[in-house]
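Notes follow the structure.
There are 2 protein chains.
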Amino acid sequence: MRGKITPFFLLFFSVIFFFAHPHPLDPLTPSEISSIRRIIRSSPFFSSKPLAFHYVGLDEPDKLAVLSWQSNPSAAPLPLLRAFVILRSGGRTHEISVDLTNSSVASHRLHTGHGYPMFTVAELAAVSSLPFNYTPFVESVKKRGVELKNVICTAFAAGWHGNAKQGRRVAKVQCFVAGETVNLYMRPLEGITMAVDLEATEIINYVDRLVVPVPAAAGTDYRASRQMPPFGPRAKPVAVAQPQGKGFAIDGCVVRWANWEFHMGFDVWAGLVISAASVVGPGEDSGVRRSVLYRAFVSEVFVPYMDPSEEWYYKVFFDGGEYGLGPYTASLETMIDCPANAEFMDGYYATGDGSPVKVSRAFCVFERYAGDTSWRHTETLIPGEVVTEAREEVSLVVRTVTTSANYDYVFDWEFKTSGSIKISAALTGTLEVRATDYTNADQISGEQYGTLVAPNTIGVLHDHFITYHLDLDVAGPPNSFVKARFRPARTGGGPRKSYWTVAAETARTEADARVKVSAGPPAELLVVNPAAKTKLGNAAGYRLIPGAAVATSLLSDDDYPQIRASFTRKQLWVTPYNKSEKWVSGLYVDQSRGDDNLAAWSMRNRAIENTDIVLWYTIGFRHIPCQEDFPVMPMLAGGFELRPFNFFETNPLIKTVPFSKG
Amino acid sequence: MRGKITPFFLLFFSVIFFFAHPHPLDPLTPSEISSIRRIIRSSPFFSSKPLAFHYVGLDEPDKLAVLSWQSNPSAAPLPLLRAFVILRSGGRTHEISVDLTNSSVASHRLHTGHGYPMFTVAELAAVSSLPFNYTPFVESVKKRGVELKNVICTAFAAGWHGNAKQGRRVAKVQCFVAGETVNLYMRPLEGITMAVDLEATEIINYVDRLVVPVPAAAGTDYRASRQMPPFGPRAKPVAVAQPQGKGFAIDGCVVRWANWEFHMGFDVWAGLVISAASVVGPGEDSGVRRSVLYRAFVSEVFVPYMDPSEEWYYKVFFDGGEYGLGPYTASLETMIDCPANAEFMDGYYATGDGSPVKVSRAFCVFERYAGDTSWRHTETLIPGEVVTEAREEVSLVVRTVTTSANYDYVFDWEFKTSGSIKISAALTGTLEVRATDYTNADQISGEQYGTLVAPNTIGVLHDHFITYHLDLDVAGPPNSFVKARFRPARTGGGPRKSYWTVAAETARTEADARVKVSAGPPAELLVVNPAAKTKLGNAAGYRLIPGAAVATSLLSDDDYPQIRASFTRKQLWVTPYNKSEKWVSGLYVDQSRGDDNLAAWSMRNRAIENTDIVLWYTIGFRHIPCQEDFPVMPMLAGGFELRPFNFFETNPLIKTVPFSKG
């Protein structure tokens, strides 16, 4: 059945026919995913065994081969197309490289280190249904006066908490009550802990430790259809239109807009991947397209909760490495997630059985005008005239949304004609709450690890750390990381006693480039290409400007979640480019032990000067929930900007014709 | 002549006729400004003397009287209308309170402390023309091969640099070359220093210390009409329209929109003043309008340059207190500064001779939709359905732009239906540059106090500190400031070893409430009303969330500019409400000595718990210029958010009807 080419795939082939030059960084197509499944299934080693596909993604071609192809796509051959696959079979973890060009298994090795690959959607669904046939659980539900038909269970990673021997592939299952509301996360069945074996699909531990009320359904449903008057505050709609059409074109996975060109791909782990972003300047910079980013994506979303009690201590989520951002990418909708002038792109990933699944409208792309200017000046000193000059700010936004269970993350990449890229993550969705006896803040005594956000409802304290992999190639791969420190200085005399100056320190090794941004803004953070000088003699560079959300982890160094996410102690790290270092929390995050993460790699203290380097930047939100976060949380955004610094000869927007003149 | 009522004023009276209830915080009208002039001119003390009006503004009525009026505008009488005026006459500084209700001078005192009031536009213009008739200057211009007709001079504050005796009212005059460009700031006549006496209108010191080339005009003009192909990057325009009309109404100075109501005023010092901002929630909060901000405005813009040399050491600008943001407020234009759906309001201030001047379109107000949602969630766990729910984010933006000589500041106040207010300042305009012999970075040796941004052009290192006066009245005046510190904690045992918790510290006195945000994000910064509890028992509060731009001053404590701006050492201060403490840098900023500024007031260490308090927050940009800042700088924004924290019973946006349902 699976090998049969369905009409859907026929349609796909007819579409791909029009792509003159598929890009070497294109994500795997549904037909390629099917081919991978077929190639592995037909290999002698796996032909007769049960197996599960835990990761199927593009095995990135050698970077030099991609750059060579990019420099002359019509002449250079496309690099060999390979896929990287992680399988579970026979109780073991297999790493397979599939050669799609030659339809063969190129390599196969066993993973013998710590940790397990990301869960499949199917295995989490399977264990989530176990409680309904488990008598102690059915009794627990009855004891709480809840109807079993309204109960919904879901599975979470169990983590690693110090056991020396690698455990089985286990997960925790927690249950909630829906029924009169779709907001099940506001109604936990508190006090019950279940551990399940993911491969045996059975409950291996069950504890019903305490009974607290299930918070009421009233007031939790967020659907418009369920709201009663008086209704809430309302602005008038603002409609957007593009009378001259859209300014961008999507050609396969390549987006071209204004002075930018970049590639968008989909990966089951990262969701959206931005590649090969390059920009051209006007005037003296005209016609010269130069690279900015080779590859950039969200590498991990680490969310530790701060309740160490029996039912909560394990709630320390790695949404990327444990679950994958891809399968939980929302299908975006016009006027819900993206404005009317947006265009959409689909994504594809492989299910646990290796079949392709489509995520419809996984990304949107739109031109944004928020009523701002990109620059302005009024000059009143010229005799006889007042000069007011400005350029409207229209930017290009690429957006994807991942719903990691209760939380929704809106990931935006905003490209500006100035050369800037603004990267942001915004949190919304629902809290993860603990049910409690308390109905009023006055009743509370002792540590609750959270705040009362509704009757019987504690919003548990937690953090969100979103780590970006940023392979900057500023005017090409050989880059250096420079901390331009602000150094207070004294004058030798004269009316002024002090000033500050800049002491630029080029990081020689990885240790030089670990920066805790929130320990004070000691420096401007620059990536420069020492060999690419402007006509004026300055090295071409980009600044990383931290924005809101600069929390770092407060967990102890010896605590297991912190050992696993030790990279969250500082916001910024720099590593030499290494194709295998893509996932900040390591390749096997479920039950990981911190021996294969960014902090571990960085301990090698490799040279990073004037070479191909990768920046890692973590946005950190520390979240004390409040009543306004109930029953759904208003958007809270953080992020950073990559801004040109002597990359162009002058402000590239000077020569932009204003719309009014156009 | 001046007493005559012109047709312009007749028109104004006909407009004011329609205001049923003028607001006690309304700014002075042109006719009131004229009346003030007449009342003072006709008082026996001033009738025969030359005098100059340095500050004319509303003498804010007693806050309790305003609150009493607000609670019942139709019953309570409007508080007495008074104006506060600072005059210079007979070589002395006079503070006058004018009773406009009774057309009399209510009080008159002499200022005998340090410092002088802000400059008048006229006196700066007068001294700026002095060099053209000053032979040594004409010679200096000739020596540089520049045509005198292309020279433009402008006057800057001279500051205070340690002299014990109060000096005369002096300023420095610096000159630039326009001619083939309107971008005169890129073409300084370097090496010439002039000091002028503002009241004698004469040059009192002239030094031509060194000759360096005037940077070329080519490439400096930013006007679209002067650009030659190849043109720069260009997006397609995005047009905004409001098919259902605008969602806000302006009634006099009061704006009503969605769940917000606030008052906008204009002041010659601050420019835009937001007052009496209050918000109503839906559902349980419905019908209850509660205050958030009593009065908020930009109190100072402090811009110290870091070149201590003879020609530059004094460049330490207090754009508010020395010059006033009001007179330099730009007349905003549709599609240049504000989108097509904006409405505009005018402002008025008094010139040096006391006459009213109109600033056309000093503010704009518009509804913004940037393609975002205010919240969203996708729920996939409900059997048989995928729930995706969201609300579009439309906010209300109030904008004003001040051009402080070369720099343009865009000040935005963005009101959100969630109850948040996002306050931002964005920098654009042109750099202040020093001419130099250098044409390439390779030639540079030794400290330049800046960076080469164009041939012969050094962008001098500097900071921008923008201090906001924020009189929050969260659910009424009695508020407390709470630092909710994040405290790392150890567990006593169990699988988890650590977590963090919250230790809330209520600031008892001013010393407890000085916060250096950039020294780490140690705390959530909250203003709460201890007496206003939610039904759940939480104290109503608002958080201040710092965004980008968290620099603090790096000047030495004993340096004169730092003594004057000592409040720039920390971002956040809290004082008890005191009507006289409006201007963070003191009332007399020209030649001030730091004895009457926020840091000085705060030294009294007054009680600030459960009382009417004022927050002061400083946005700080540290600016290393780069080539992209030449010849005009792309917008660079920073700011902060005031966000409700247990102010509403629940997320106020849940009950908002989505546009698609409306």
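Line by line, the protein sequences are chains A and B. Going left to right, the first sequence walks through residues 89 to 750 as this note's numbering numbers them. Going left to right, the second sequence walks through residues 89 to 750 as this note's numbering numbers them. Quick reminder that beta carbons are idealized off the backbone N, C-alpha and C, glycines included.
Spell out whether any CB of chain A is found under 8 Å from the CB atom of residue 465/B. Position 377 of the second sequence, counting from 1, holds the residue named residue 465/B. At least one chain A Cβ lies under 8 Å of residue 465/B.
Look up residue 224/A in the DSSP assignment and say whether it is helix, strand or coil. As a working mapping, residue 224/A is identified with position 136 in the first sequence. Judged by DSSP in its simplified three-state form, residue 224/A adopts helix.
Contact with chain B by residue 92/A, beta-carbon distance below 8 Å: Residue mapping note: residue 92/A aligns to position 4 of the first sequence, counting from 1. Its pLDDT being 36, under 50, residue 92/A is placed unreliably by the model, and the measurement read from it follows with that caveat. Judged by the 8 Å Cβ criterion, residue 92/A is not in contact with chain B.
Contact set for residue 269/B: own chain, Cβ-Cβ below 6 Å, skip 5 residues either direction: Stepping through the second sequence from its first residue, residue 269/B is reached at position 181. A distance below 6 Å between beta-carbons, with the five flanking residues on each side excluded, links residue 269/B to the following residues of its chain, in chain order: 305, 308 and 309.
Residues near residue 572/A by beta carbon distance below 7 Å, same chain, minus five either side: Here residue 572/A refers to the residue found at position 484 when the first sequence is read from its first residue. Taken in chain order, the residues that qualify are 590, 592, 611, 612 and 614.
Within 10 angstroms of its Cβ, does residue 517/B collect 16 or more other Cβ (buried), or is it exposed? Your numbering for residue 517/B matches position 429 in the second sequence. Result: buried.
With a CB to CB cut of under 8 Å and the five nearest residues on each side skipped, what residues in its chain are close to residue 402/A? Position 314 of the first sequence holds residue 402/A. Counting only Cβ-Cβ distances below 8 Å, and skipping sequence neighbours, we find 244, 245, 246, 247, 249 and 260.
Hey, does residue 743/A have any beta-carbon neighbour from chain B nearer than 8 Å? Here the question's residue 743/A lines up with position 655 in the first sequence. Interface residue (Cβ-Cβ distance to chain B less than 8 Å): residue 743/A is classified as such.
Which residue spans inside the segment 233 to 297 of chain B form an unbroken beta strand (DSSP E) run of at least 3? Listed in chain order, they are 239 to 245, 258 to 265, 280 to 285 and 290 to 296.
Mind pulling the chain B residues with CB within less than 7 Å of residue 462/A? On the first sequence, position 374 is the one that residue 462/A refers to. By Cβ distance, chain B contributes 722 and 723.
If we cut at 8 Å on Cβ distances, does residue 752/B have a partner in chain A? Residue 752/B is absent from the structure shown; chain B starts at 89 and stops at 750.
Within 10 angstroms of its Cβ, does residue 376/A collect 16 or more other Cβ (buried), or is it exposed? By 1-based counting over the first sequence, the position of residue 376/A is 288. Residue 376/A counts as exposed, since fewer than 16 other beta carbons sit within 10 angstroms of its beta carbon.
I'd like to know if residue 501/A contacts chain B, where contact means its C-beta is closer than 8 Å to some C-beta of that chain. Here the question's residue 501/A lines up with position 413 in the first sequence. Chain B contact via Cβ: absent.
Given that a residue counts as buried once 16 or more other Cβ atoms are within 10 Å of its Cβ, and exposed if not, what is residue 344/A? Position 256 of the first sequence, counted from the first residue, corresponds to residue 344/A. Exposed.
Quick one: any contact between the segment 541 to 554 of chain B and the segment 570 to 585 of chain B, if contact means 3 or more CB pairs under 8 Å? They do not touch, by the three-pair rule.
Please check if any C-beta of chain B sits within less than 8 Å of the C-beta of residue 245/A. Taking the first residue of the first sequence as position 1, residue 245/A is located at position 157. For residue 245/A, the closest Cβ of chain B is not nearer than 8 Å.
Determine which residues share a DSSP beta bridge with residue 571/B and list them. Position 483 of the second sequence, counted from the start, is the residue given in the question as residue 571/B. 593/B and 613/B, per the DSSP bridge assignment.
Buried or exposed (CB count within 10 angstroms, at least 16 for buried), residue 692/B: If you number the second sequence from 1, residue 692/B lands on position 604. Burial call: exposed.
Per DSSP, residue 342/A is paired with what? Translated into positions along the first sequence, residue 342/A becomes position 254. Per DSSP, 339/A and 351/A.
So, is residue 520/B buried or exposed, given that buried needs 16 or more other C-beta atoms within 10 angstroms? Counting from 1 along the second sequence, the entry for residue 520/B is found at position 432. Buried, since its Cβ has 16 or more Cβ neighbours within 10 Å.
Residue 134/B - DSSP class collapsed to helix/strand/coil: Taking the first residue of the second sequence as position 1, residue 134/B is located at position 46. Three-state DSSP puts residue 134/B in coil, outside helix and strand.
In chain A, which residues lie with their C-beta within 7 Å of the C-beta of residue 579/B? Here the question's residue 579/B lines up with position 491 in the second sequence. Correct list: 396.
Would you call the segment 440 to 452 of chain B and the segment 417 to 426 of chain B touching, i.e. three or more CB-CB distances under 8 Å? Contact between the segment 440 to 452 of chain B and the segment 417 to 426 of chain B is present, because at least three Cβ pairs lie under 8 Å.
Selected residue, minimal CA-CA separation from residue 477/A, among 197/A, 145/A, 132/A and 746/A: Translated into the one-based positions of the first sequence, residue 477/A becomes position 389. Among 197/A, 145/A, 132/A and 746/A, the Cα nearest to that of residue 477/A belongs to 746/A.
When DSSP labels each residue in this structure, what does residue 473/A get in the three-state scheme? Translated into positions along the first sequence, residue 473/A becomes position 385. Coil at residue 473/A, not helix or strand.
When you compare each of 471/A, 469/A, 427/A and 435/A to residue 460/B by their alpha carbons, which one comes out closest? Your numbering for residue 460/B matches position 372 in the second sequence. If we check each option's Cα against that of residue 460/B, 427/A comes out closest.
Which two residues bound the contiguous beta strand (DSSP E) that contains residue 696/A? Counting from one through the first sequence, the residue named residue 696/A turns up at place 608. Taken as a continuous stretch (DSSP letters only), residue 696/A belongs to no beta strand (DSSP E), as it is neither H nor E.
Do you know offhand how far residue 682/B's Cα is from residue 656/B's? Translated into the one-based positions of the second sequence, residue 682/B becomes position 594. Translated into the one-based positions of the second sequence, residue 656/B becomes position 568. Between residue 682/B and residue 656/B, the C-alpha separation is close to 12 Å.
Whole-angstrom Cβ separation of residue 632/A and residue 662/A, contact assumed at under 8 Å? Against the first sequence, residue 632/A aligns to sequence position 544. Against the first sequence, residue 662/A aligns to sequence position 574. Contact doesn't hold; Cβ gap of about 10 Å is too wide.
Cutoff 7 Å; reference residue 416/A; Cβ partners in own chain excluding five residues on either side: Position 328 of the first sequence, counted from the first residue, corresponds to residue 416/A. 490, 491 and 492, listed in sequence order.
Compute the Euclidean distance between the alpha carbons of residue 737/A and residue 625/A, then round it to the nearest angstrom. Walking along the first sequence from the start, residue 737/A turns up at place 649. Walking along the first sequence from the start, residue 625/A turns up at place 537. Approximately 10 Å, taken between the alpha carbons.
Just the C-alpha distance for residue 109/B and residue 342/B, rounded to the nearest angstrom, thanks. Residue 109/B sits at position 21 when you count from the first residue of the second sequence. Residue 342/B sits at position 254 when you count from the first residue of the second sequence. Model confidence at residue 109/B stands at a pLDDT of 45, short of 50, so the residue's coordinates are unreliable; what they give is reported in the following sentence. Each residue's Cα considered, the two are about 11 Å apart.
Partners in chain A for residue 306/B, counting only beta-carbon separations shorter than 9 Å: The residue you call residue 306/B lines up with position 218 of the second sequence. Residues of chain A whose Cβ lies closer than 9 Å to the Cβ of residue 306/B do not exist, since the nearest Cβ in that chain is about 11 Å away.
Hey, would you say residue 391/A sits closer than 8 Å to residue 373/A, going by beta carbons? In the first sequence, the residue the question calls residue 391/A occupies position 303. In the first sequence, the residue the question calls residue 373/A occupies position 285. No, they are not a contact pair.
One or two residues paired with residue 700/B in a DSSP bridge: Numbered from 1 along the second sequence, position 612 holds the residue referred to as residue 700/B. Residue 700/B is bridged to 566/B.
Does the beta-carbon distance from residue 356/B to residue 437/B come in below 8 Å? Locating residue 356/B in the second sequence gives position 268, where the first residue counts as 1. Locating residue 437/B in the second sequence gives position 349, where the first residue counts as 1. Taking 8 Å as the Cβ cut-off, residue 356/B and residue 437/B qualify as a contacting pair.
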